[in-house]
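In the working numbering, the protein residues as written are 3 to 384.
Here is the structure:
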């Protein structure tokens with residue numbers, strides 16, 4: 003696993019557009035199940051949530067989306083009525099309304115946009131989408147479709163903003179994580195986050211093929227052998243029988259043997275140049291060791307730094323990176339939070355961003371664990 007997350011995820015816990023106010027473990031589980039196309043089980047989670055909080059906007063909207071998927075427009079309309087009554091200004095209300103309008107009042111315009119996109123005319127399709135929804139699309143199924151057209155039209159920045167909003171609005175939805183990771187993979191500044199996400203998503207059958215293919219291709223794009231080797235090794239831990247990747251690893255090792263003196267660039271996030279110039283040598287060395295996958299040695303260096311200065315924010319952050327790479331999301335979350343508090347020179351907010359990454363995957367792991375325990379209880383009951 004790798005670590006860097008796009009700075010746009012700083013929005014992850016904010017209350018912009020009323021989205022984050024609707025977060026809850028049940029909502030996250032429902033989103034996870036929905037993205038895995040287990041709609042009935044997602045509805046079960048939403049029903050539990052709505053019994054305790056009948057005005058939960060996110061849950062009402064998601065129930066509406068599921069109803070549309072299942073061809074029950076009347077049920078979706080009922081969800082919209084409840085949303086219009088309890089949260090008329092919510093982005094969730096707008097998203098469900100727009101989805102229903104795409105089946106009725108705006109159906110012809112949406113149909114035209116889809117045909118143009120299928121024909122490879124992304125710019126024309128984009129024009130039709132904007133004409134159909136001049137007010138803009140709220141985070142929801144239509145917004146994802148629109149963002150995909152933006153990607154085809156080479157407007158990655160706009161697409162990234164929408165995919166980030168979707169990740170924020172529907173925590174636990176793996177499809178939106180995959181969409182965002184694909185954009186991260188195209189940006190050298192965020193490829194490390196894509197590596198992490200692709201690796202995580204291979205654990206889910208519905209996404210495994212796509213995530214594995216994207217992971218494999220991205221690993222091969224790492225130019226310096228010293229950085230590529232640990233990334234390939236991590237891939238092979240998941241897929242040890244991949245003969246092509248095994249052969250690629252041998253090629254990389256030969257390249258290292260022939261030119262061992264080359265110093266690799268780090269995959270870790272860096273601050274401004276003037277900040278890096280003041281980085282203690284031990285931290286710089288630890289950062290390189292983490293990139294190479296030598297965590298025990300890196301941890302020893304970081305512990306020595308923290309022994310001298312327990313409030314060294316960058317050292318705390320690098321320990322968080324090690325924890326995140328090892329799948330200890332909750333420890334990583336605590337360390338990133340401390341790093342964000344102590345590293346006053348972190349003007350780019352990388353530790354806050356990584357904190358949100360750790361929190362997201364930690365919550366997702368907890369939700370998956372709860373769901374697994376629920377399946378066991380159901381099996382025993384039978």
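For every residue, glycine included, the Cβ atom is placed at its ideal position computed from N, Cα and C.
Contact fails between the segment 201 to 208 and the segment 57 to 75, because fewer than three Cβ pairs, one in each stretch, are under 8 angstroms apart.
Collapsing the DSSP output to three states places residue 121 in coil.
Relative to the Cα of residue 134, the nearest Cα in the group 371, 107, 98 and 202 belongs to 107. Counting only the Cα atoms, residue 253 lies some 48 angstroms from residue 71. The C-beta distance from residue 195 to residue 183 rounds to 7 angstroms, short enough to fall under 8 angstroms.
Distances from the CA of residue 146 to each of 75, 155 and 177 were compared; the closest alpha carbon is that of 177.
Cβ neighbours of residue 306 within its own chain (closer than 8 angstroms, five residues either side excluded): 284. Less than 8 angstroms divides the Cβ of residue 325 from the Cβ of residue 334. Across the structure, residue 90 and residue 56 are spaced so that their CA atoms are roughly 15 angstroms apart.
Under the three-state reduction of DSSP, residue 39 is assigned to coil, being neither helix nor strand. With fewer than 16 other Cβ atoms from the protein chains shown falling within 10 Å of its own Cβ, residue 242 counts as exposed. Each residue's CA atom was taken as its position, placing residue 104 and residue 282 some 57 angstroms apart.
In terms of CA proximity to residue 97, 81 leads the group 81, 232 and 186. Following the DSSP letters along the chain, one finds residue 227 inside the alpha helix (DSSP H) bounded by residues 227 to 240.
Pairing residue 151 with residue 124 gives a Cβ-Cβ distance under 8 angstroms. In the three-state reduction of the DSSP assignment, residue 297 falls in the helix class, which pools H, G and I. Note on geometry: alpha-carbon atoms of residue 219 and residue 86 lie some 45 angstroms from one another. Under the criterion of beta carbons closer than 8 angstroms, residue 101 and residue 75 do not qualify as touching, at roughly 10 angstroms. In terms of Cβ geometry, residue 228 and residue 294 form a close pair [threshold 8 angstroms]. Taken through DSSP and simplified to helix, strand or coil, residue 137 comes out as coil. Taken through DSSP and simplified to helix, strand or coil, residue 313 comes out as coil.
With 16 or more other Cβ atoms inside 10 Å of its own Cβ, residue 352 counts as buried.
Annotated three-state conformation of residue 87 is helix, per DSSP. With respect to residue 364, residue 338 sits apart: the two C-beta atoms are not nearer than 8 angstroms.
A distance below 8 angstroms between beta-carbons, with the five flanking residues on each side excluded, links residue 52 to the following residues of its chain, in chain order: 58, 61, 62 and 65. Pairing residue 314 with residue 345, the inter-Cα distance amounts to about 7 angstroms.
Following the DSSP letters along the chain, one finds residue 66 inside the alpha helix (DSSP H) bounded by residues 59 to 71. When the Cα atoms are used, residue 297 and residue 327 turn out to be separated by approximately 9 angstroms. The beta carbon of residue 94 is closer than 6 angstroms to those of 59, 60 and 63 in its chain, skipping five residues each way along the sequence.
In this structure, residue 140 lies away from residue 130, with their beta-carbon atoms at least 8 angstroms apart.
When the beta-carbon positions are compared, residue 197 and residue 161 stay at least 8 angstroms from each other. The Cβ atoms of residue 286 and residue 304 do not sit closer than 8 angstroms to each other.
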